[in-house]
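Residue numbers (our numbering): 23 to 111. Glycine residues also receive a C-beta, built at the ideal position from the N, C-alpha and C atoms. Read through the structure below, which is laid out as structure tokens, and then see the notes.
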């Protein structure tokens, strides 16, 4: 078994953020978001740069447009779950 290190982002709505972004951060961001993926052109958000995040508070997963968010704090921490190392089985 192997522990996994995750990157946790604490976010705030940036200048010009839309209501959707503000609501997602307010509703799901209390314990931070795990950064899952970054894209230079997210089709779901009009081909704008975006990040795919997982809420550590509620379990919500979704895209947030990069230009609408501000990273207020960044941490690396051990994932709460333990994942099996498939290279040794």
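Query                                                                                     : Result
N- and C-terminal bounds of the alpha helix (DSSP H) containing residue 50                : 41-50
For residue 67, three-class secondary structure by DSSP                                   : helix
Through-space distance from residue 28 to residue 98, alpha-carbon basis                  : 6 Å
Range of the contiguous beta strand (DSSP E) that encloses residue 84                     : 83-87
Where residue 87 falls, given that 16 or more other Cβ within 10 Å makes a residue buried : buried
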